[in-house]
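The block underneath contains the structure these notes are about, expressed in structure tokens.
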Ligand code: NAI
Ligand code: MG
């Protein structure tokens, strides 16, 4: 029986990296019935609004989706489809594993950390209005419930994955009430895990420490906007946006997507690195229990990036998206199973 998985190709480089990912997942022997839906710009052009109801229904029914990036117009136009999707499906966990990949040369080696980001509220929710011309107000809403559930998820994850230390990054010295509440919720949850090491750090100091000494970090836990910014910083530690995967997880559905956006500067040119979405697809395969296929794809990526010169421009190579994907498919068909 094939798996029913919703596919949201998105826009910009989205269709290119999702096509590459579909090819590799199929080459790994997983049988999937991809249920393709439009969202964002593409859906608007079809006159169906940014978040078509049938797309949301499909994700609710299949419970799993693989998503390409979706462009959000800056300063005007429709509100973020990504934010809307996370809210509509209550995908309250953003999980982004950041680890060094053999063969991808960076300033730091041996980075292996996980960023947990609250995914539904905070300043990033984009609740803003103009009070009078020349004055706008943005609301940073933090609730005890949302803070507790992301903290609970992060601590449970740490416990089961053998992670030792959780760093809660915040700015409660200044945002006394909002970040203060987030921090308090994290402390309350932490009390249930006395065997895990918990560290509290100012978000600004955390940014510096990440750049200086990223290996000291294990699990990072923070609210929405801080997580957005630090996820990109963290991806810079291990080779950039082209290699860092992610998942948006709720109690009833999960949407897997790379950290990066639609990269309009290289869209449609067969230049995009599909690794980030491929590794997101590996997270998805583990989520549905296809652990072996995930391991085979991860091994193929490690082999191609570690042993050959076939790589995309963002990693200093000259391969097109297609050539790199061909190399992965070849590695999968020749490679021994892990
Ligand atoms: P971006 O991540 O799209 O691009 C930043 C830089 O990284 C660009 O130079 C781009 O070429 C490069 N890059 C990103 N992914 C790459 C890949 N896979 N391979 C090679 N190079 C890659 O960020 P930007 O420019 O700030 O955002 C562009 C659009 O994407 C915006 O409309 C933004 O709102 C949207 N966006 C959507 C996200 C999503 O759907 N989850 C996440 C982040 C941004
Ligand atoms: Mg971001």
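Numbering (this note's numbering), first residue to last: 1012 to 1349.
In this text, a Cβ means the ideal position worked out from N, Cα and C, and glycines have one as well.
| query | result |
| --- | --- |
| Using C-beta distances below 6 angstroms, list every residue in its chain close to residue 1297, excluding the 5 sequence neighbours before and after it, in chain order. | 1305 |
| Got a sec: does the ligand MG put a non-hydrogen atom nearer than 6 angstroms to the Cβ of residue 1239? | yes |
| Taking 6 angstroms as the cut-off, is the C-beta of residue 1257 nearer than that to any heavy atom in the ligand NAI? | no |
| Relative to the C-alpha of residue 1130, which residue among 1012, 1155, 1261 and 1031 is closest? | 1261 |
| At what residues does the beta strand (DSSP E) containing residue 1336 begin and finish? | It is not in any beta strand (DSSP E) - residue 1336 instead sits in the alpha helix (DSSP H) that spans 1332-1345. |
| At which residues does the alpha helix (DSSP H) containing residue 1184 begin and terminate? | Looking at the DSSP string, residue 1184 is not in any alpha helix (DSSP H), and its letter there is neither H nor E. |
| How big is the Cα-Cα spacing for residue 1278 and residue 1027? | 8 angstroms |
| Please determine whether the Cβ atom of residue 1281 lies at a distance below 6 angstroms from any heavy atom of the ligand NAI. | no |
| How many whole angstroms separate the CB atoms of residue 1013 and residue 1033, which I take to be in contact at a CB cut-off of 8 angstroms? | Not really, about 13 angstroms apart at Cβ, beyond 8 angstroms. |
| Please give me, in chain order, every unbroken run of the alpha helix (DSSP H) with length at least 4 that falls completely inside the stretch 1173-1218. | 1189-1201 |
| Which of helix, strand or coil does DSSP assign to residue 1140? | strand |
| Excluding sequence positions up to five away, which residues of its chain have a Cβ less than 8 angstroms from the Cβ of residue 1037? | 1043 |
| Give the list of continuous beta strand (DSSP E) stretches no shorter than 3 residues that lie fully inside the stretch 1045-1107. | 1075-1078 |
| Flag residue 1111 as yes when its Cβ comes closer than 6 angstroms to any non-hydrogen atom of the ligand SAH, and as no otherwise. | Among the ligands modelled here, namely the ligand NAI and the ligand MG, the ligand SAH does not occur. |
| Let me know if residue 1056 comes out buried or exposed under the rule of 16 or more other beta-carbons within 10 Å of its beta-carbon. | exposed |
| Does any heavy atom of the ligand NAI sit closer than 6 angstroms to the C-beta of residue 1312? | no |
| Given a cut-off of 7 angstroms on the beta-carbon distance, is the pair residue 1121 and residue 1226 in contact? | yes |
| Give the straight-line distance between the Cα atoms of residue 1284 and residue 1168, rounded to the nearest whole angstrom. | 28 angstroms |
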